[in-house]
Amino acid sequence: MTPTTAANRQFPADTEIWYNLKCAIATSSGFQRWQLERDTQLQGLRLEQQVKKYLRETLETLAY
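Read in our numbering, the sequence shown has 33 at position 33, and its numbers run on one by one without any break.
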């Protein structure tokens, strides 16, 4: 048995928050523009994977 940590536990409220955040991001004009610019790179990725990639790239840009 592996120890349970906060990082690998998921609570129902967290799932709901992530779903709502993912939906809000997916409908934003910035995300939609980002999708159009990377159309071929995103083929085959689920929406959740696309949103995570978008957030990662956006945060990297802001951190730069």
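Glycine included, C-beta positions come from ideal geometry on N, C-alpha and C. Remember, it's a predicted structure, so these values are computed and weren't measured experimentally.
Name the two residues that bound the continuous alpha helix (DSSP H) containing residue i.
{"i": "Leu36", "result": "29 to 37"}
{"i": "Arg62", "result": "Note that residue 62 is Leu in the sequence shown, not Arg. Looking at the DSSP string, the run of the alpha helix (DSSP H) that includes Leu62 is 47 to 63."}
{"i": "Leu21", "result": "12 to 26"}
Just to confirm, is the Cβ distance from residue i to residue j under 8 Å?
{"i": "Val51", "j": "Ala26", "result": "yes"}
Could you check how far apart the C-beta atoms of residue i and residue j are, in whole angstroms? I think they sit under 8 Å.
{"i": "Lys22", "j": "Leu47", "result": "7 Å"}
{"i": "Phe31", "j": "Tyr64", "result": "No, Phe31 and Tyr64 are not in contact; Cβ-Cβ is about 19 Å, not under 8 Å."}
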